[in-house]
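Please read the structure below before turning to the comments.
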Amino acid sequence: MMKKRLVLLSAVLLLIACTEEEYLLCPDNVTRVLSLEDCPEEREECPECDDYDNCTRDICNAGTDYKCEYREIKPCDGNGICEEGEFPWSGDCPDSCNDNDECTKDSYNYAEERCLYEDIIPCCGNDACETGETYIGCPPDCEQRLDLSVTHYAKRKQMANSEIDLRNTDYFFVVVEFKLHNLGMDEPETLNYKTEKGFFYDPFKMRLQDETGRFYKPEYDSDFLTGWRDIDIIPKGDKVGAALLFIVPVHTEHVQLVAYDKYGSKLDVSEVY
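Just add 279 to the spot in the sequence shown (first one is 1) and you have this note's numbering.
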């Protein structure tokens with residue numbers, strides 16, 4: 280009996296001793312422990328990072344060491360700068376760069392923050408007949424410098440001295456006779472090491488054109504035609520005759536003969552049939 284009382288007394292004394300131990304407050308100001316080593320691990324928290332700027336991305340996380348970072352957003356409508364990709368819809372950019380001039384290419388230069396206007400050359404309507412422009416393509420700027428006129432044509436299925444026979448085909452030969460009048464072409468041209476002023480006539484740059492826009496090249500058998508004219512320089516003011524041979528489909532309509540300059544621009548057009 281005495282032994283049980285001693286055990287009970289020891290337990291009471293131990294309980295009294297434990298309740299009198301001093302508890303410590305952890306850094307979180309909530310948790311109490313007997314040893315600070317038992318405190319829960321501190322958790323970093325971000326401060327309020329909103330800078331109320333729509334053109335920055337507000338960031339705070341472990342990657343920023345729980346500090347605020349502000350990363351610029353580009354492009355951003357509303358920052359007062361016309362940035363690449365914003366023109367012309369953003370209020371930071373001009374409404375338009377259109378100068379209402381068909382002879383300029385209008386664009387916005389983001390680096391210089393202004394509209395740019397680049398001349399388009401050639402451009403019909405700028406009062407200058409530029410390289411690549413002719414009377415046919417741009418009568419407002421260019422004078423007629425070559426007059427082409429078809430004087431006669433003939434359709435045939437066979438041609439003397441030609442090995443081609445078109446009798447059982449849907450094609451025929453078209454012989455075209457025409458006149459070329461050099462009205463105003465007097466640039467220096469070189470042929471066979473000799474330089475003269477005039478129109479450089481190349482028969483194989485002539486074309487027939489039908490109503491669909493399809494072109495037909497002269498046949499090399501053209502050189503046996505009466506009136507054949509080889510490559511030549513036709514002086515200003517001169518009027519000469521020539522003839523060419525073409526092969527075209529039987530049902531072709533609204534055919535025209537077209538003369539080109541050395542740049543590939545149409546100089547004049549004349550109706551054949």
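Glycine included, each C-beta is placed from N, C-alpha and C at the ideal position.
Item                                                                                                               : Value
Rounded distance between the beta-carbons of Glu365 and Cys376, thought under 8 Å                                  : Incorrect: roughly 13 Å between the Cβ atoms, too far for contact.
Between the CA atoms of Leu470 and Ala390 - distance to the nearest angstrom                                       : 50 Å
With 16 other Cβ atoms within 10 Å as the buried cut-off, status of Pro497                                         : buried
Close-in-space but distant-in-sequence residues of the same chain around Asn447 (CB under 7 Å, 5 per side omitted) : none
Validate contact between the region 412-425 and the region 434-443 using beta carbons, cut 8 Å, 3 pairs            : no
Inter-residue Cα distance where the pair is Cys355 and Cys382                                                      : 33 Å
Separation of Ile360 from Phe483, as counted between CA atoms                                                      : 57 Å
Whole-angstrom distance between Cys403 and Arg486, CA atom to CA atom                                              : 24 Å
Simplified DSSP assignment, three categories, for Ala439                                                           : coil
Reduced DSSP category for Tyr499 - H, G, I as helix; E, B as strand; rest coil                                     : helix
Start and end residues, beta strand (DSSP E) containing Ala522                                                     : Lys518 to Pro528
Contact the region 518-538 vs the region 457-466: 3+ CB pairs below 8 Å                                            : yes
Coarse secondary structure for Pro482, derived from DSSP in three states                                           : helix
Contained beta strand (DSSP E) runs [length at least 3] in the region 294-341, N- to C-terminal order              : 335-338
Pairwise C-alpha distance: Cys394 and Asn388                                                                       : 6 Å
For Thr474, the three-state DSSP class (helix, strand or coil)                                                     : strand
Phe494 to Gln423 span [Cα, whole Å]                                                                                : 23 Å
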